[in-house]
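S.K.: Structure below; questions to follow.
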Amino acid sequence: MSVVAILAVLALTVFIVLLIGARHAFVQIEADRRAEMARMRRAQRQAEARINRMATSAIRQMIDTARRNRIDPPPQ
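No gaps in the numbering here: position 43 of the sequence shown is 43 in UniProt numbering, and each next residue is one more.
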């Protein structure tokens with residue numbers, strides 16, 4: 001093989017290795033992005049559940065206070 005052919009094969013090999021490395025980096029970035037989105041969705045669901053519990057508790061307290069003060073609560 002001539003020197004040019006050897007250099008061409010070497011360049012092609014390096015190019016393929018770089019492509020594989022870039023693909024791996026892209027896959028890792030995409031996996032990290034999806035994991036972060038899942039964490040954000042989970043945190044949002046937890047926050048919404050916490051707000052719902054607080055609202056329910058506040059409504060119950062208002063109804064209890066209304067009953068103690070002999071005020072009729074609104075129908076549920």
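Cβ coordinates follow ideal geometry from the N, Cα and C atoms, glycine included.
Tell me which residue opens and which closes the alpha helix (DSSP H) that Ser57 is part of.
M.R.: First-last of the alpha helix (DSSP H) with Ser57: 3 to 68.
S.K.: Please report the distance separating the alpha-carbon of Arg70 from that of Ala47.
M.R.: Approximately 34 Å, taken between the alpha carbons.
S.K.: To the nearest angstrom, how far is it from the Cα of Arg50 to the Cα of Met37?
M.R.: For Arg50 and Met37, the distance between alpha carbons rounds to 20 Å.
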